[in-house]
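A short write-up of the structure that comes next.
There are 2 protein chains.
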Amino acid sequence: MERMSLDEVDARHSRPTMKDVAALSGVSIKTVSRVVNGEAGVSSDVAERVLAATVKLDYRRDLSASSLRRGDGKSQTIGLLLEDVSNPFSSALHRAVEDVAREHGVVVFAGSVDEDPDRERDLAAALVARRTDGLVIVPTAPDQSYLARERRNGTPVVFVDRPPVQLEADHVVTDNLAGARDGTEHLVRHGHHRIAFLGDLSTISTARERYEGYVDALGRAGLALAPDLVRRDLRTAEQAQAAVEELLALPDPPTAVFASQNLVTVGALRALRHAGLHRTVAVVGFDSLPMQDLLDPGVTIVEQDVRRLGAIAAEMLFQRIAGDTSPARSVVLPATLTERGTGEIPGPFAS
Amino acid sequence: MERMSLDEVDARHSRPTMKDVAALSGVSIKTVSRVVNGEAGVSSDVAERVLAATVKLDYRRDLSASSLRRGDGKSQTIGLLLEDVSNPFSSALHRAVEDVAREHGVVVFAGSVDEDPDRERDLAAALVARRTDGLVIVPTAPDQSYLARERRNGTPVVFVDRPPVQLEADHVVTDNLAGARDGTEHLVRHGHHRIAFLGDLSTISTARERYEGYVDALGRAGLALAPDLVRRDLRTAEQAQAAVEELLALPDPPTAVFASQNLVTVGALRALRHAGLHRTVAVVGFDSLPMQDLLDPGVTIVEQDVRRLGAIAAEMLFQRIAGDTSPARSVVLPATLTERGTGEIPGPFAS
DNA sequence: CTGAAAGCGCTTACAG
DNA sequence: CTGAAAGCGCTTACAG
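Note that the protein sequences, when read in sequence, are chains A and B.
Just so we're aligned, residue 1 is where the first sequence starts under UniProt numbering, counting upward by one.
Just so we're aligned, residue 1 is where the second sequence starts under UniProt numbering, counting upward by one.
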């Protein structure tokens, strides 16, 4: 092969390709490809010359071009659709997924959906267009059937935290109903009958399940559901705080609060603290709070195993990417209550 | 053009390409490309037929193939290297970068470096191999000169939170020295002379700058630096907690603590709380704590504007991607102290 | 052990 | 308004 000088090659002054490396080392691009991919069957002096050229040119293989031609067509990327990359639950999930992806040599696109169905669809489309090998999704849209087509055409999808709607697909979720029931029963056991429920957006399945768990626990305890104590669709800590302030102003206020999501719990704690009732009104929250161990009294929380949630979802996805076509699986992880103080404040019926 | 039936096309049962759409609608792939890209100059009946075929086949354009051929070669992706996607500082930065990227129709790869230089290099290489259009990096490695080659070959890089070492490049950072000085001077002003310093890993430039700010403040106040009160290289809340426990056991313990990073602050608060000294020993922290408003007393914090840090870095990156070749710029944002309680606990020399 | 040709899915640069 | 040919950077499938 005709050999080129470094200057001649450099004159192109765009990112070097295998062609440039080939020209500089005087071999064909097929040989460069062999060396770059560490394939056997290249004489050591040629390999050395090629390697030297890659170093001299700072050659970087183009993985997307490579995957375009490759048989499997894998891009070594996956996509992750979260509620909001910056919230503690989402970002813990993100890290768990990343750790599994790294073991597979795969990098991850992450994006925030903000509970907006259009954004879920747009982001999924953007990632499919970039040929991610698969998607892990915390679903928001009222319906995930649109993903059936993507899956059929080769992009596997695994759902986490919430099950998909109108689509049979792998998912990993927490047993929200049982967790919420446990949390509410814990309050009943500590002598509370007037237990308020604070809920996130009812469009979110986990929020509905936690409400069901609350209702279920009251039913089992033979307590009537008091509609005046139920505040759902709270979207922010501020709204939750206002809701609790209203509840406290009731003629017959609650003696305990079941706060079914972490931001909602924060709002409830603020309202109680401002009212000076944080040692009087019991609280059980759902989902861990950052720095909860610094709070006084400590907050009793029903906790999800977020890292396991993310790790299992990612592992399921990689099995699908590897070709697993078995029927969709559903994994349900338990939520566990940890007593820290606020949940053990005794109520009027404490024994 | 010879028209194919849906069954004939579907028989390939792999992800449909423009070729498939072309076959089904009886046109050339160039015409499909025109329709898919919304280019003008296609008769409406042909456009309609092509569109119908894309819908029937669930055709999804392959953006990576498109960008491979395209002149600009942009992949519409960027990479973000963070300390740990799941820590509050990193994930807030992530969200800010994502929001700017979204405006540009760009999706973002995010990854955790965990203060490991090798991981920084590996991740950067993995992203360059996937031809991200640019990189936003919180640098960890002792030297970023390796990125000069990537930049020269067409991948712009912007640094955030910490300046790059051995490389002239755009960066956005907080004025850590001034922030730490302000925080320390705040304690001096409230009557403290024995002020402990708790620091993160000294390999991190921000940790060193904050230490300098502390030293600077003592100097300005005419106070001697007491080496027994300086604890650096604390990597976790647990280590910080242990460090404060040791400090409290000193014959002449500190009356105030300057905790120069959020996890370190958490550890310090725990130690003081356990010792029952959280209303006695003053604390000023650097970097906000999640839920800090629920703590009692509230924690006085020197805060960075994380969202602005991320937004500016992302905007700088997109300018570079758009072709801006002006000299490297450095943006320094102020950190501002917010009084919340712990920083105003009076010391023995309070006036 | 090495290379020329073809092709991955798309767009460019033409031609008609 | 539409299409045939070439090519982006790489790998496959051959041939020698």
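Every residue gets a Cβ at the ideal spot worked out from N, C-alpha and C, and that includes glycine.
Given the structure is predicted, the values throughout are model-derived calculations rather than measurements.
If the five residues before and after residue 205 of chain A are omitted, its C-beta is found closer than 6 Å to the C-beta atoms of 162, all from its own chain and listed in chain order. Annotation for residue 103 of chain A: the continuous alpha helix (DSSP H) segment containing it runs 88–103. The alpha-carbon of residue 125 of chain B is positioned some 20 Å away from that of residue 95 of chain A.
Close partners of residue 343 of chain A in chain B (Cβ separation under 8 Å) are lacking, with about 16 Å as the shortest Cβ gap. 266, 269 and 270: these are the residues of the region 252–271 of chain B whose beta carbon lies less than 8 Å from some beta carbon of chain A, given in chain order. In the DSSP assignment, residue 256 of chain B is bridged to B/195 and B/282. Straight across, the Cα-Cα distance linking residue 249 of chain A with residue 299 of chain A is about 23 Å. CA-CA distance, residue 342 of chain A to residue 297 of chain A, rounds to 6 Å. Rounded to the nearest angstrom, the gap between the Cα atoms of residue 160 of chain B and residue 38 of chain A is 36 Å. Interface criterion not met: the Cβ of residue 193 of chain A is under 8 Å from no Cβ in chain B.
Here DSSP, grouped into helix, strand and coil, assigns residue 300 of chain A to strand. The Cβ of residue 18 of chain B sits no closer than 8 Å to any Cβ of chain A.
Considering only A/186, A/29, A/327 and A/65, the residue with the shortest C-alpha distance to residue 347 of chain A is A/186. Using a Cβ-Cβ cut-off of 8 Å, residue 110 of chain B counts as an interface residue toward chain A, since at least one Cβ of chain A sits closer than that to its own. Contact note: residue 85 of chain B reaches chain A through 91, 94, 95 and 98, using a C-beta cutoff of 7 Å and chain order. Less than 8 Å separates the beta-carbon of residue 107 of chain B from that of residue 76 of chain B. Annotation for residue 171 of chain B: the continuous beta strand (DSSP E) segment containing it runs 171–174.
In the structure shown, residue 288 of chain B falls within a coil segment according to DSSP collapsed to helix, strand and coil. If you keep only unbroken alpha helix (DSSP H) runs of at least 4 residues inside the region 190–240 of chain B, you get 205–220. When DSSP states are grouped into helix, strand and coil, residue 36 of chain A belongs to the helix group. When CB distances to chain B are screened at a threshold of 8 Å, the residues of the region 122–133 of chain A falling below it are 123, 125, 126, 127, 128, 129, 130 and 131, in chain order.
Bridge partners of residue 110 of chain A according to DSSP: A/80. Spanning the alpha carbons of residue 350 of chain B and residue 223 of chain B requires a straight line of approximately 15 Å.
Residue pairing by DSSP places residue 338 of chain B opposite B/301 in a beta bridge. Put simply, of A/164, A/262, A/266 and A/272 the residue whose alpha carbon is nearest the alpha carbon of residue 247 of chain A is A/272. At a cut-off of 8 Å between beta carbons, residue 295 of chain A contacts chain B.
Counting only residues of its own chain and dropping the five nearest sequence neighbours on each side, residue 109 of chain A has a CB closer than 8 Å to the CB of 77, 78, 79, 80, 127, 130 and 132. Residues of the same chain with a CB within less than 7 Å of the CB of residue 173 of chain B, apart from the 5 flanking positions on each side, are 161, 162, 163 and 332 in chain order.
Collapsing the DSSP output to three states places residue 345 of chain B in coil.
Residues of the same chain with a CB within less than 7 Å of the CB of residue 308 of chain B, apart from the 5 flanking positions on each side, are 333 in chain order. Inclusion of residue 337 of chain B and residue 183 of chain B in the CB contact set at 8 Å is warranted, their separation being smaller than that value. For residue 28 of chain A, the secondary structure class from DSSP, reduced to helix, strand or coil, is coil. Contacts with chain A at 8 Å (Cβ-Cβ) do not include residue 227 of chain B. With contacts defined by Cβ atoms closer than 8 Å, residue 284 of chain B and residue 258 of chain B form a contacting pair. Near chain B, meaning a CB-to-CB distance below 7 Å, the residues of the UniProt domain "HTH cro/C1-type" (17–60) of chain A are 58 and 60.
Within chain B, the residues whose beta carbon sits less than 9 Å from that of residue 88 of chain A are 86, 88, 91 and 290, listed in sequence order.
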